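What follows is a set of notes on a single structure, which appears directly below.
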Amino acid sequence: MMRPELIGRFFWRELKRADVLIMLFAILLAVASVVSLARFSEVLSQAFNRKGSSFLAADLVLRYSQPLPKALSAKIEQSGLTQSRQTRFSTMLIHDDAMQLGAVYAVDNHYPLRGEVKVADSLTGAVQVASGGPAPGAIWLDPRLAQALGVKRGDSIEVGYASLKLTRFLIEAPDVGLNVFAAAPPALMNQADLAATRIIQPGSRVSWRWLFTGSPKALKDFEASFDGELPPSAEFTDISRANSPISVALKRADRFLLLSSLMGVLLAAVAIGVAARRFCDSHIDTVALIKALGGSRRQVVALFAGQLLLVLGTGSLLGLGVGLGLVKVLVAQYGDMLPKELPPATWEPLWLGLAVGSICTLAFAAWPLWRLLKVPPIHVWREGAGQQGQGRSHYLLVLVALFAAVGLFTRDLKLTLAVAAGVGVAVVAVAVVSMVLLKLLGRTRHLGGAWRLAVAGLERRRGATLVQLGSFTLALMLMILVQLIKTDLLADWQKSLPEDAPNYFVVNVAPQEVQDVESFLGQYGTQSSDLYPVVRARLVAINGEETSEPGAEGDDNARGGRVGIDRELNLTWRQSLPPQNTLLEGKWWPEDDAQGEVSVESGVAKRLNLKLGDSVTFRLGADDFSAKVTSIRKVDWQSMQPNFFMIFSPAVLKDFPASYIASFHLDSQYRPQLAELLRGHPTLTLIDVDAILSQIRSLIGQVALALQFVWVLVVAASLLVLLAAVQASLDERRRDLGVLRTLGASDKTLFRALGIEFLLLGALAGLMAGLTSQLSLYLLQTQVLELPVNLHWLLAVSALVGGAIGVALPALLRLWPLLRRTPLRLIQS
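In structure tokens, the structure reads:
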């Protein structure tokens, strides 16, 4: 039995070895990367979601066009989540002889669960934050509604059969007034007064909403408990699922942080693998000697498995401490960009870091350790006896373990498969190309001198050369990839949200007001869109077959109709394809088109199973009209421009009465002129989206700081890979240098040979890294991050130069001490 104190002394002695230190630091880096990024992502994610949730007034929202069945309502009441109920409808609000259409939000005493309601006591009074919604018997009106009705605070407003007192003016509410197609300005009333209005009757157009807040796990479990129980048209939504610029930014930020941290972990795993192999190979003589002196296999296992576990344990514990310390430093450094109340720490980042570090270490070290244990005693007298090469089973074990670690870390099958495929293709491509390039280099040995020594060294250590070349290529490729994605991601965000991005929508523009609005936009507005005509109609048939509305009362699709859309759609018409729209199929109609044609957004086309040539029929009031699908479009929903599911040719809709909508950017200095426009046209509805833009820009700033942190980790992991790869061939290089020095080679010649060797390795690795990074970038841009394709092929040339310098410089610094030793010391060591 191997005594524990002997294992401890052996471990303490081994800590002075460079390969053990590299392996320990690689484990430390892998664990610290996972722990710090998992915890920091936890903080950022909840910060992002908390900000985004303020636009929904909740973390999770359940929407339905009817009251829920009693069993589901009881289940909601028993959920234990903080909740609020809301009912939405449009109706005429009356004061004396004045009438005005209003979008009414009936809320309870818990509203809002997230965000703030801002009100004023008069139309020109100071804005203040309300502690909740209106009390029973009270109503809050948007200033536009109040002006249209000619009311002041304290006046009575008739809502159906109920008379409510105007107590405050509604300036802003989390989920109120952000619908650019809203037909009327908003009003807030209490849920308790809803029955007294008698407005909700069978067939009324009403939307019921249930708002929830709670821990992410509690919300996820709550939503999952309704699987298969909700009516077809009832749906849960949160900020990550909303089709908005904020949700798109959240998804991209989350995926990039995950992807970048994953690359750091993969690099650390490679460093662990190279260092573990070097550690085991350097102890072959020790194991043979122990066995030759009578040591048992069990003692050898105890000694070296104990070393591995001590290195893993030490590296993991240090990694946990460093990871948590990095999070504290980041929070302290960027605290002003993070929420004041950070989410409570969980155990997940800790066990995740330990699990990923352990999987990578044990998988990479398993086969080298097994080979070490198989070394026979005869190796003491005959070097190389009984040694085995790298088995296929080891490669399979490493790939399976990496796949498991990636899957455990990402919990995203699509991303895991993409990374596995990308790494697998890169490894095979690098191996094949490396062998071909080494063969070609072998034909240049006739050049003589330092070049010949360098090429001969690469050929003689073919196995080690391939490992080094693969390690250098992977390190450089992932560094390049993280930098490119970071640059492209931020550039795409900045491009989609420039400083002059539209910050206002003007809606409900009557035909006779179009000229005045266009004149105003031409004089004061910038980046303004066209004025789009809008009509609302309901889809009633596809190819002559009536559509059914999923979830409608009494409708179980027994009539066999095609599934349609259970609400009216906002439709428009125009002569040309709008900006930010891309044709995927079909063609746009000609200018002289007199037939009925329609262009359909790709998501709706997929949902309704529409194809080119299909006919769709809509009902507007008592009139039906049809059009032929002649194109399918992709729409950029985060463009801050008016977007539509259906765009018709002018011949179809131009004779129907319509209102108009536009978006524009207005500098703050022109707000008095905007107020003048609204006074002259009181029926116009203006929606200020500056708050949304500010949230997105804040989000970009938070992601940018996370990117800097991730970049440092990836660079550190890359340097570890470079050092581990150089260290792996150190013994063989030491022997070669000793022999060459003994045979009369000068320091200058040997230095040149080493420089040429690593310049060649770095240049080849840089070239392959530049090429493979472009292929990986294409896959990530199109399949994972949903970014526009933007490749950088010229980077391959700069990567060649950068790789040569980046590899040769640290390698020569590490090997320089060997050149200062005498031949005798080199051979003896």
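Numbers -9 to 819, taken from my numbering, label the letters of the sequence shown in order.
Each residue gets a CB set at the ideal place from its N, CA and C atoms; glycine is no exception.
Being a predicted model, the structure only gives us computed values, none of them experimental.
Through-space distance from residue j to residue i, alpha-carbon basis
i: asparagine 780; j: tyrosine 768; result: 8 Å
i: glutamate 543; j: leucine 220; result: Legend: pLDDT at glutamate 543 = 41, less than 50; position of this residue unreliable, no value from coordinates given.
i: leucine 584; j: proline 640; result: Going by the sequence as given, residue 584 is alanine instead of leucine. Near 8 Å, if we compare the C-alpha coordinates of proline 640 and alanine 584.
i: phenylalanine 0; j: methionine 13; result: 16 Å
i: alanine 419; j: alanine 755; result: 12 Å
i: aspartate 546; j: leucine 302; result: Low confidence applies to aspartate 546: its pLDDT is 40, below 50, so where it sits in the model is not reliable, and the reading given next is rough at best. Rounded to the nearest angstrom, the two C-alpha atoms are 60 Å apart.
i: isoleucine -3; j: leucine 283; result: 18 Å
i: glycine 123; j: phenylalanine 15; result: 56 Å
i: isoleucine 820; j: alanine 715; result: Given that the chain is displayed from residue -9 to residue 819, the structure contains no residue 820 and the question cannot be resolved.
i: leucine 427; j: arginine 7; result: 33 Å
i: valine 417; j: alanine 446; result: 24 Å
i: arginine 451; j: glutamate 747; result: 12 Å
i: glycine 655; j: serine 518; result: Checking the displayed sequence, the identity of residue 655 turns out to be histidine instead of glycine. If I take the Cα positions, the gap works out to 6 Å.
i: threonine 434; j: leucine 710; result: 32 Å
i: aspartate 111; j: arginine 158; result: 5 Å
i: phenylalanine 635; j: tryptophan 627; result: 11 Å
i: leucine 392; j: alanine 410; result: 8 Å
i: arginine 195; j: asparagine 571; result: 31 Å
i: aspartate 614; j: glycine 576; result: 25 Å
i: glycine 550; j: alanine 224; result: Caution is warranted here: a pLDDT of 47 is assigned to glycine 550, below 50, making its placement in the model unreliable, and no coordinate value can be reported.
i: alanine 548; j: alanine 531; result: Note on alanine 548: pLDDT 38, under 50, position unreliable in the model; the coordinate value appears next. Between alanine 548 and alanine 531, the C-alpha separation is close to 16 Å.
i: valine 422; j: valine 264; result: 20 Å
Check whether residue i and residue j have beta carbons under 7 Å apart
i: isoleucine 622; j: serine 592; result: yes
i: serine 74; j: alanine 93; result: no
i: cysteine 350; j: alanine 22; result: no
i: proline 102; j: asparagine 180; result: no
i: proline 59; j: tryptophan 198; result: no
i: phenylalanine 608; j: leucine 676; result: no
i: leucine 154; j: valine 141; result: no
i: valine 588; j: valine 625; result: no
i: alanine 136; j: alanine 186; result: no
i: lysine 467; j: threonine 762; result: The question names lysine, but residue 467 is methionine in the sequence shown. Taking 7 Å as the Cβ cut-off, methionine 467 and threonine 762 qualify as a contacting pair.
i: valine 109; j: alanine 96; result: no
i: alanine 465; j: serine 788; result: no
i: leucine 201; j: alanine 64; result: no
i: leucine 342; j: alanine 28; result: yes
Pick from the options that is closest to residue i, judged by C-alpha positions
i: alanine 116; options: Pro640, Ile161, Leu131; result: Ile161
i: lysine 318; options: Phe634, Arg75, Val33, Trp806; result: Val33
i: arginine 78; options: Ser121, Pro175, Arg104, Asp145; result: Pro175
i: leucine 574; options: Lys596, Ile17, Arg526, Asp582; result: Lys596
i: glycine 347; options: Gln458, Leu310, Pro366, Leu770; result: Leu310
i: glutamine 118; options: Ile129, Val594, Ala163, Val711; result: Ala163
i: glycine 793; options: Val396, Phe45, Met758, Leu279; result: Met758
i: proline 366; options: Glu225, Trp441, His273; result: His273
i: alanine 527; options: Val472, Ser616, Glu503; result: Ser616
i: alanine 753; options: Gly460, Leu139, Leu602, Asp165; result: Gly460
i: valine 797; options: Leu744, Leu201, Leu300; result: Leu744
i: alanine 735; options: Ile368, Phe30, Arg442, Tyr650; result: Arg442
i: histidine 671; options: Asp217, Val496, Lys429, Leu784; result: Val496
i: proline 192; options: Ile229, Ala444, Ser55, Leu770; result: Ser55
Range of the contiguous alpha helix (DSSP H) that encloses residue i
i: tryptophan 341; result: 338 to 363
i: glutamine 137; result: 133 to 139
i: tyrosine 514; result: 504 to 514
i: aspartate 275; result: 274 to 282
i: methionine 758; result: 737 to 769
i: alanine 440; result: 439 to 450
i: alanine 617; result: Looking at the DSSP string, alanine 617 is not in any alpha helix (DSSP H); the run it does join, the beta strand (DSSP E), is 613 to 625.
i: aspartate 211; result: 206 to 214
i: serine 63; result: 60 to 67
i: lysine 108; result: Unbroken run through lysine 108 is the beta strand (DSSP E), 107 to 110; no alpha helix (DSSP H).
Continuous beta strand (DSSP E) stretch holding residue i: start and end
i: isoleucine 161; result: 152 to 162
i: proline 192; result: That residue, proline 192, is in no beta strand (DSSP E); it is neither H nor E in DSSP.
i: alanine 120; result: 118 to 120
i: glutamate 581; result: It is not in any beta strand (DSSP E) - glutamate 581 carries neither H nor E in the DSSP assignment.
i: serine 148; result: Here residue 148 turns out to be glutamate, not serine, going by the sequence shown. Its beta strand (DSSP E) spans residues 146 to 149.
i: glutamine 663; result: Looking at the DSSP string, glutamine 663 is not in any beta strand (DSSP E); the run it does join, the alpha helix (DSSP H), is 661 to 670.
i: glutamate 575; result: 571 to 576
Beta carbon proximity, residue i to chain D, threshold 7 Å
i: glutamate 591; result: Considering every chain present, this structure includes no chain D. It has just one protein chain.
Check whether the region 492 to 501 touches the region 653 to 670, counting contact only when three or more Cβ pairs, one atom from each stretch, lie closer than 8 Å. yes
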